[in-house]
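Scroll down for the structure; my scribbles are underneath it.
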Amino acid sequence: METPSPLLRVRNLTQAFGPLLACADISFELHSGEVLGVVGESGSGKTTLLNCLSARLTPTNGIVEYDLRGRGLTDIYALSEPERRLLLRTDWGVVMQNPRDGLRMNVSAGGNVGERLMAVGARHYGAIRREAEDWLAKVELDLGRMDDKPKHFSGGMQQRLQIARNLVTKPRLVFMDEPTGGLDVSVQARLLDLLRGLVRELRLSAIIVTHDLAVARLLADRLMVMKDGKVVETGLTDQVLDDPHHPYTQLLVSSVLQV
Amino acid sequence: MTRAAPQSESVVEAGYNFAYLDEQTKRMIRRCILKAVAVPGYQVPFGGREMPLPYGWGTGGMQVTASIIGRADTLKVIDQGADDTTNAVNIRRFFARTAEVPTTEATAEASIVQTRHRVPEDPLAEGQIIVYQVPQPEPLRALEPREVECRKMHAYKEYGLMQVSLYEDIARFGEIATSYSYPVMVNDRYLMSPTPIPKFDNPKMDDCPALQLFGAGREKRIYAVPPYTRVKSLDFDDHPFAIQQWEEDCALCGAEETFLDEVILDDKGGKMYVCSDSHFCERRRAEGHRGRLSEGAAKAYAAAVGADVEEA
């Protein structure tokens, strides 16, 4: 049986900031429909890795290949800049840790969701609006607030809006940087529930960066544990969390507070 | 109509170069204009010079005019459509003195029309040049504050964001409420701000036989629309572009399809609508056209203007 080609393939990715090595020699593959969690403490290079993967930071070394529709595995940094930007707003989604970075705070919620549609050429107001309504409903936002600006939304609502805005073009791969960061636990739980449902329903592939092992446990199929820019352990989520091998992973797992 | 060039002391004797700017600057600006004409709608940076009036008063338009004007030219200057407002009078006199060119109020007689906020009602013809004074050349500025990002969006033709601003209009007001500086696509390639002309004038830019030049003094940008170029106002399929409509006709000349200004006549709610293009209106009245307030209208108008009443 032929193994299907991966959606994303990373080989020997290294990112250095001067003498500081943020990511060192990272290689992995991500298959369609898979959710990969990247865990590790602050400063371990998680966000830098995500930026490199999502075509927003050219790595010092190494190759990031993505299975472009109709073109197969392609080195994303060999693409021209407009092609990369198109990829970022169509086939990919990026959910930022801080919704202020991922949303237009002075544009209504409906406009935020509709922006991607208009960016790929939608020019029918009614259709754009229906699609936006549909997505706002999917992320459980009150349609009565569709024309309100996200700066008047709560943190949880902003985060859900950000997710709707990214998913509206039906991306195949979503990058999330601490999607539940800064939210209280009950809001976190609802957001995670929503994300889990969307990921399963839409057969999304996702790379989720988090320092919260509970988030990783709920969402991720596989885990990558990072420390000082290196991947110290990978494996199935349950395997890594229940039977950690590397001393650092053991420390990480044992540090989780139990209620 | 056309006033002859003043035959007083020569500008050269007065210590100024012809048309105020030095020849090197003019050459630089002309090169920018050529580039702008070659890439319709593209904003070409230029080394803007200090002009003897403040930014926002037409320094960009004046530099463009100074660079293209020759002794054979006839200049018309309008501000909000009128030939007799401060900005127009000052700039017209400036070029009458520094370039010694004849000036006119008649659109058809002018070879160069410098304008602020309007395109004349009389259709422009081949061989004419219209110079727009531009306060903000970047149509994306209000939506995207980063200049580098704006330039990339132009370079890659990523104009979805401009559409978002129109979406916001419809979501909030039920229609595209943007009434001036209405964004246009030039030659199906570059998004361009048509300067704060009312959207009423946008259709006049499309397939226009005259050359259209735009100068932004503070922002130091020049852009252009060559003759007979497609200029399309952005819209939605289900909310097509539409120009302003008035329920009344011009109170002085009775014109039905011109851009009208509201003039307040007294403090009891009295008002009238008059053509913003003062020369167009005058000519129609001279031809015998009459509006609602023609009886004593001149008196009312003079009273309004004389009392320095602000136009709405």
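Quick mapping for you: the protein sequence lines, in order, are chains A and B.
Numbering follows our numbering, with no gaps: position 121 of the first sequence is 121.
Numbering follows our numbering, with no gaps: position 253 of the second sequence is 512.
Yeah, the Cβ is synthetic: ideal placement off N, Cα and C, and Gly gets one too.
The structure presented is a predicted model; accordingly, all values stated were derived computationally and were not measured.
- Item | Proximal residues of chain E, C-beta to C-beta of B:Ile388 below 9 angstroms | No chain E is present in this structure, whose protein chains are A and B.
### Message
For the alpha helix (DSSP H) containing B:Ala325, name the first residue and the last one.
### Response
Within the second sequence, the letter at position 66 stands for residue 325 of chain B. Its alpha helix (DSSP H) spans residues 318 to 327.
With DSSP collapsed to three states, give me the class of B:Cys540. Locating residue 540 of chain B in the second sequence gives position 281, counting from the first residue. In the three-state scheme derived from DSSP, where H, G and I count as helix and E and B as strand, B:Cys540 is classed as helix.
Point to revise | CB contact check: B:Tyr415 to chain A, cutoff 9 angstroms | key: Within the second sequence, residue 415 of chain B is the residue found at index 156, counting from 1. Under the Cβ distance rule, B:Tyr415 counts among the residues neighbouring chain A, one pair being separated by less than 9 angstroms.
| message | Quick check on B:Gly474: does DSSP put it in helix, strand or coil? | response | Position 215 of the second sequence, counted from the start, is the residue given in the question as residue 474 of chain B. Look at B:Gly474 here: in three-state DSSP terms it is strand.
| If we cut at 9 angstroms on Cβ distances, does A:Ser254 have a partner in chain B? | Taking the first residue of the first sequence as position 1, residue 254 of chain A is located at position 254. Closer than 9 angstroms: no.
Report the CB separation of B:Leu334 from B:Ala369 in whole angstroms; it is logged as a contact under 8 angstroms. Your numbering for residue 334 of chain B matches position 75 in the second sequence. Your numbering for residue 369 of chain B matches position 110 in the second sequence. In this structure B:Leu334 touches B:Ala369 by the C-beta definition: roughly 6 angstroms separates them, less than 8 angstroms.
Give me whichever residues DSSP pairs with B:Lys491 in a beta bridge.
Working through the second sequence from its first residue, we reach residue 491 of chain B at position 232. According to DSSP, which records beta bridges pairwise, B:Lys491 is partnered with B:Met444.
Run of the beta strand (DSSP E) containing A:Asn61, from where it starts to where it stops: For this step, residue 61 of chain A is matched to residue 61 along the first sequence. Per DSSP, A:Asn61 belongs to the beta strand (DSSP E) from 61 to 68.
* To do: Assign B:His376 to one of two classes, buried (16 or more other C-beta atoms within 10 Å of its C-beta) or exposed (fewer than that).
  => Translated into the one-based positions of the second sequence, residue 376 of chain B becomes position 117. B:His376 is buried by the Cβ-count criterion.
For the putative contact between A:Ser44 and A:Met157, defined by C-beta atoms under 8 angstroms, what is the C-beta separation to the nearest angstrom? As a first step, residue 44 of chain A must be located in the first sequence, where it is residue number 44. As a first step, residue 157 of chain A must be located in the first sequence, where it is residue number 157. No, A:Ser44 and A:Met157 are not in contact; Cβ-Cβ is about 30 angstroms, not under 8 angstroms.
message = Among the candidates B:Gly307, B:Phe473, B:Ile328, whose CA atom is the shortest distance from the CA of B:Ala355?
response = Sequence index remark: in the second sequence, residue 355 of chain B carries index 96 (1-based). It is B:Ile328 whose Cα lies nearest to the Cα of B:Ala355.
Can you give me the C-alpha to C-alpha distance between B:Ala436 and B:Thr284, rounded to a whole angstrom?
Taking the second sequence and counting its residues from 1, the one referred to as residue 436 of chain B is at position 177. Taking the second sequence and counting its residues from 1, the one referred to as residue 284 of chain B is at position 25. The alpha-carbon atoms of B:Ala436 and B:Thr284 are separated by roughly 40 angstroms.
In chain order, which continuous runs of the beta strand (DSSP E) of length 3 or greater are located wholly inside the stretch 353 to 437 of chain B?
Here the runs fully enclosed are 371 to 375, 388 to 392.
Separation of A:Asp148 from A:Ile26, as counted between CA atoms: One-based indexing of the first sequence puts residue 26 of chain A at position 26. One-based indexing of the first sequence puts residue 148 of chain A at position 148. Taking the straight line joining both Cα atoms gives about 43 angstroms.
Kindly say whether A:Pro171, judged by its beta-carbon, lies nearer than 9 angstroms to any beta-carbon of chain B.
-> Looking up residue 171 of chain A in the first sequence gives position 171. Contacts with chain B at 9 angstroms (Cβ-Cβ) do not include A:Pro171.
So that I know if they touch, is there some Cβ in chain B lying closer than 9 angstroms to that of A:Ile63? The residue given as residue 63 of chain A occupies position 63 in the first sequence. Look at A:Ile63: its C-beta is not under 9 angstroms from any C-beta on chain B.
Practice task
Identify, in the order they occur along the chain, each residue of the same chain with its Cβ nearer than 6 angstroms to the Cβ of A:Val232, setting aside the five sequence neighbours on each side.
Solution key: Here residue 232 of chain A is taken as the residue at index 232 of the first sequence, counted from 1. The residues are Val225, His246, Tyr248.
Cβ of B:Ala574 within 9 angstroms of any chain A Cβ = Since the first and last residues shown for chain B are 260 and 571, residue 574 of chain B lies out of range.
Check: Can you tell me whether DSSP reads B:Pro462 as helix, strand or coil?
Finding: What you label residue 462 of chain B is simply residue 203 of the second sequence in a count that begins at 1. Correct three-state label for B:Pro462: helix.
In the DSSP assignment, find the beta strand (DSSP E) that holds A:Ala119 and state where it starts and stops.
-> Counting from 1 along the first sequence, the entry for residue 119 of chain A is found at position 119. In this chain, A:Ala119 is not harboured by any beta strand (DSSP E); it is covered by the alpha helix (DSSP H) spanning 109 to 119.
- prompt: Based on the DSSP output, what are the partners of A:Val185 in its beta bridges?
  reply: Start at 1 with the first residue of the first sequence, and residue 185 of chain A comes out as number 185. For A:Val185, which the question treats as bridged, DSSP gives no partner whatsoever.
| What number of angstroms, rounded off, separates the C-alpha of B:Tyr314 from the C-alpha of B:Gln395? | In the second sequence, residue 314 of chain B corresponds to position 55, counting from 1. In the second sequence, residue 395 of chain B corresponds to position 136, counting from 1. A straight line joining the alpha-carbon of B:Tyr314 with that of B:Gln395 spans about 11 angstroms.
What residue from A:Arg165, A:Ala214, A:Leu236 has the CA that sits closest to A:Ser254's CA?
For the purposes of this step, residue 254 of chain A is taken as residue 254 along the first sequence, with counting starting at 1. Of the candidates A:Arg165, A:Ala214, A:Leu236, the one whose C-alpha sits nearest the C-alpha of A:Ser254 is A:Ala214.
_Using the Cβ count rule (16 or more neighbours within 10 Å means buried), how would you classify B:Glu364?_
Residue mapping note: residue 364 of chain B aligns to position 105 of the second sequence, counting from 1. Under the 10 Å beta carbon count, B:Glu364 is surrounded by 16 or more other beta carbons and is classified as buried.
TODO: Can you tell me which of A:Ala189, A:Val38, A:Arg160 puts its alpha carbon nearest to the alpha carbon of A:His211?
DONE: Residue 211 of chain A sits at position 211 when you count from the first residue of the first sequence. If we check each option's Cα against that of A:His211, A:Val38 comes out closest.
Given a threshold of 16 other Cβ atoms within 10 Å of its Cβ, counted over all protein chains shown, does B:Ala295 qualify as buried or as exposed? Counting from one through the second sequence, the residue named residue 295 of chain B turns up at place 36. With 16 or more other Cβ atoms within 10 Å, it is buried.
Practice task
Give a yes or no on whether 9 angstroms exceeds the smallest Cβ distance from A:Gly114 to chain B.
Solution key: Within the first sequence, the letter at position 114 stands for residue 114 of chain A. So, interface residue.
At 3 residues or longer, what runs of the beta strand (DSSP E) sit wholly inside the stretch 91 to 177 of chain A? Scanning the stretch 91 to 177 of chain A for uninterrupted beta strand (DSSP E) segments of 3 residues or longer gives 92 to 95, 173 to 177, listed from N- to C-terminal end.
Distance between beta carbons of A:Val10 and A:Leu53, contact taken as under 8 angstroms: Residue 53 of chain A sits at position 53 when you count from the first residue of the first sequence. Residue 10 of chain A sits at position 10 when you count from the first residue of the first sequence. Contact flag correct, Cβ pair sits at about 7 angstroms.
Item to complete: Tell me, to the nearest whole angstrom, how far the beta carbon of A:Gly110 is from that of B:Ala430; I am working on the premise that it is less than 8 angstroms.
Response: By one-based count along the first sequence, residue 110 of chain A stands at place 110. By one-based count along the second sequence, residue 430 of chain B stands at place 171. 6 angstroms between Cβ atoms; contact.
Express the C-alpha separation of A:Ala164 and A:Leu136 in angstroms, rounding to a whole number.
-> Reading the first sequence from its first residue, position 136 is the one you call residue 136 of chain A. Reading the first sequence from its first residue, position 164 is the one you call residue 164 of chain A. So the two alpha carbons sit approximately 6 angstroms from each other.
| Between the C-alpha atoms of A:Lys46 and A:Ile128, what's the straight-line distance to the nearest angstrom? | Along the first sequence, one-based indexing puts residue 46 of chain A at 46. Along the first sequence, one-based indexing puts residue 128 of chain A at 128. Straight-line Cα distance between these residues: approximately 35 angstroms.
- When the Cα of B:Ile371 is compared with those of B:Pro462, B:Ala325, B:Arg410, which residue comes out closest? Translated into the one-based positions of the second sequence, residue 371 of chain B becomes position 112. Of the candidates B:Pro462, B:Ala325, B:Arg410, the one whose C-alpha sits nearest the C-alpha of B:Ile371 is B:Ala325.
ask   = How about B:Ala263: is its C-beta nearer than 9 angstroms to some C-beta of chain A?
value = Here residue 263 of chain B refers to the residue found at position 4 when the second sequence is read from its first residue. Not closer than 9 angstroms to any Cβ of chain A, the Cβ of B:Ala263 fails to qualify, so no.
Step through the CB atoms of chain A and report whether any lies within less than 9 angstroms of the CB of B:Phe277.
-> Indexing the second sequence from 1 puts residue 277 of chain B at position 18. No - not a single Cβ of chain A is within 9 angstroms of the one on B:Phe277.
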